[in-house]
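Number of protein chains: 2
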Amino acid sequence: MSENNPMRDAFDAIADPTRRRLIRLLAEAEAGELPLHELTPHFTMGRTAVSKHLTILKEAELVLDRKVGRETRYRLNADPLREVQDWVAFYRKFWSENLIRLGRLLEEEEE
Amino acid sequence: MSENNPMRDAFDAIADPTRRRLIRLLAEAEAGELPLHELTPHFTMGRTAVSKHLTILKEAELVLDRKVGRETRYRLNADPLREVQDWVAFYRKFWSENLIRLGRLLEEEEE
DNA sequence: TTGACACGACACCAAACGGTGTCATACAAT
DNA sequence: ATTGTATGACACCGTTTGGTGTCGTGTCAA
Numbered sequence: 030m031s032e033n034n035p036m037r038d039a040f041d042a043i044a045d046p047t048r049r050r051l052i053r054l055l056a057e058a059e060a061g062e063l064p065l066h067e068l069t070p071h072f073t074m075g076r077t078a079v080s081k082h083l084t085i086l087k088e089a090e091l092v093l094d095r096k097v098g099r100e101t102r103y104r105l106n107a108d109p110l111r112e113v114q115d116w117v118a119f120y121r122k123f124w125s126e127n128l129i130r131l132g133r134l135l136e137e138e139e140e
Numbered sequence: 030m031s032e033n034n035p036m037r038d039a040f041d042a043i044a045d046p047t048r049r050r051l052i053r054l055l056a057e058a059e060a061g062e063l064p065l066h067e068l069t070p071h072f073t074m075g076r077t078a079v080s081k082h083l084t085i086l087k088e089a090e091l092v093l094d095r096k097v098g099r100e101t102r103y104r105l106n107a108d109p110l111r112e113v114q115d116w117v118a119f120y121r122k123f124w125s126e127n128l129i130r131l132g133r134l135l136e137e138e139e140e
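Chains A and B supply the protein sequences, listed in that same order. No gaps in the numbering here: position 38 of the first sequence is 67 in the working numbering, and each next residue is one more. No gaps in the numbering here: position 44 of the second sequence is 73 in the working numbering, and each next residue is one more.
This is how it looks when you write it as structure tokens:
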């Protein structure tokens, strides 16, 4: 039984501001990974709540984790965000004028 | 009392796949706008459910509406998606190799 | 003016969400 | 060996979500 994970959408995972901050913290971590007890103090909520948000991010495969001693270190995996990028990029052509040039530039680059 | 709206996050609004499909349908509408009863048949759920999704999109200002006769026509406003674009763009540098070149190109362009 | 249509508003419901606190376990340090 | 730390797993709880059905009102068509 290799996969009993609920397996979650990236869109769903980044909908919560706490989870977006977690992603940011992991992105800026010098070591590239952080354990739960170093992430927790950045929030007003308790450890358990942060842990649950990390679980949701794991379900979306936005973070990976490995156990080191008694702590679990979490690391960012930004790849699923490409789906978000691709989806939102489609609507660039509907934005207000000043980014149309950039949009065209991207289209050339992306094929 | 000009603003009694709950006022919702764009990230929150696009988290639901039904709402993403609504955005797509409105984007592809030839007339640029569609009434509820033309949107509904694209889904398996009932009219009331679709209407509630549209309300949520309205709270995020991703759709605008105007009344025409007995119908309410909904139109896409993609501008709030720029916030999503900006947020996700930050993590392009963490993606797998082949987009690093594009990422650098965008950074030059964006300042 | 009667009837069908389009819609918003509302009550309702089960399930998921976003928190809390507690407990058991594994590991570190002394 | 004992104590303290880090964590996962639960049970619990109030609120929100995503759906349903119904009702009332405004509008178009006969």
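Every residue gets a Cβ at the ideal spot worked out from N, C-alpha and C, and that includes glycine.
For a test of your reading of the model: does the CB of Thr47/A fall under 7 angstroms from any non-hydrogen atom of the ligand MG? Yes or no.
The ligand MG is not among the ligands present in this structure, which contains no ligands whatsoever.
Pick helix, strand or coil for Pro64/A, following the three-state DSSP scheme.
Along the first sequence, read from residue 1 onward, the residue named residue 64/A stands at position 35. When secondary structure is reduced to three states using DSSP, Pro64/A falls in the strand class.
Got a sec: which bits of the stretch 96-109 of chain A sit with their beta carbon under 9 angstroms from any beta carbon on chain B, in order along the chain?
Legend: CB atoms of the stretch 96-109 of chain A lying less than 9 angstroms from CB atoms of chain B belong to residues Leu105, Asn106, Ala107 and Asp108.
Considering only C-alpha positions, which residue in the set Tyr120/B, Glu67/B, Thr77/B and Ala42/B is nearest to Glu100/B?
Taking the first residue of the second sequence as 1, we reach residue 100/B at position 71. The residue with the shortest Cα to Cα distance from Glu100/B is Glu67/B.
Identify the contact partners of Ala56/A in chain B, using a Cβ-Cβ distance below 8 angstroms as the criterion.
Here residue 56/A refers to the residue found at position 27 when the first sequence is read from its first residue. Neighbours of Ala56/A on chain B, chain order: Phe119, Tyr120 and Phe123.
Mind checking whether Leu54/A and Val117/B have CB atoms under 8 angstroms apart?
Position 25 of the first sequence, counted from the start, is the residue given in the question as residue 54/A. Position 88 of the second sequence, counted from the start, is the residue given in the question as residue 117/B. Not closer than 8 angstroms, so no.
Under 8 angstroms between C-beta atoms of Pro46/A and Glu88/A:
Here the question's residue 46/A lines up with position 17 in the first sequence. Here the question's residue 88/A lines up with position 59 in the first sequence. In this structure, Glu88/A does not lie closer than 8 angstroms to Pro46/A by Cβ.
Length-filtered (3 minimum) beta strand (DSSP E) runs lying within the stretch 45-107 of chain B:
92-97 and 100-105
How would you list, in chain order, the residues of chain B whose beta-carbon sits under 7 angstroms from the beta-carbon of Val79/A?
Here residue 79/A is taken as the residue at index 50 of the first sequence, counted from 1. Residues of chain B whose Cβ lies closer than 7 angstroms to the Cβ of Val79/A do not exist; the shortest such Cβ separation is about 19 angstroms.
Which of helix, strand or coil does DSSP assign to Asp115/B?
To locate residue 115/B, count along the second sequence from 1; it is residue 86. If DSSP states are grouped into helix, strand and coil, Asp115/B belongs with the helices.
Counting only Cβ pairs nearer than 9 angstroms, list the residues of chain B close to Ile43/A.
Working through the first sequence from its first residue, we reach residue 43/A at position 14. In chain order: Phe40, Ala44, Val113, Trp116 and Val117.
Taking 8 angstroms as the threshold (C-beta atoms), are Phe123/B and Ala56/A in contact?
Position 27 of the first sequence holds residue 56/A. Position 94 of the second sequence holds residue 123/B. Going by C-beta atoms, Ala56/A is nearer than 8 angstroms to Phe123/B.
Going along the chain, which residues of its own chain have a beta-carbon closer than 8 angstroms to the beta-carbon of Leu83/A, five neighbours each way excluded?
Position 54 of the first sequence, counting from 1, holds the residue named residue 83/A. So the qualifying residues of the chain are Leu51, Leu65, Leu68, Val92, Asp94 and Tyr103.
Flag this pair as yes or no: are the beta carbons of Ala44/A and Asp41/B separated by less than 8 angstroms?
Counted from its first residue, the first sequence places residue 44/A at position 15. Counted from its first residue, the second sequence places residue 41/B at position 12. A distance below 8 angstroms separates the beta carbons of Ala44/A and Asp41/B.
Within chain B, the residues that Lys37/A reaches when beta carbons sit closer than 8 angstroms:
Here the question's residue 37/A lines up with position 8 in the first sequence. In the sequence as presented, Lys is not what sits at residue 37/A; that position holds Arg. Near Arg37/A there are no residues of chain B at all, since even the closest Cβ is about 10 angstroms away, more than 8 angstroms.
Express the C-alpha separation of Arg49/B and Asp12/A in angstroms, rounding to a whole number.
What the structure shows of chain A is the stretch from 30 to 140, and residue 12/A is not part of that stretch, so it cannot be assessed.
What first and last residue would you give for the alpha helix (DSSP H) that runs through Phe40/B?
Within the second sequence, numbered from 1, the residue matching residue 40/B stands at position 11. That run of the alpha helix (DSSP H) goes Ala39 to Ala42.
With a CB to CB cut of under 7 angstroms and the five nearest residues on each side skipped, what residues in its chain are close to Ile85/A?
Counting from one through the first sequence, the residue named residue 85/A turns up at place 56. Here the set comprises Arg37, Ala42 and Arg48.
Nearest chain A C-beta to Arg50/B closer than 8 angstroms, yes or no?
Working through the second sequence from its first residue, we reach residue 50/B at position 21. No, no contact with chain A.
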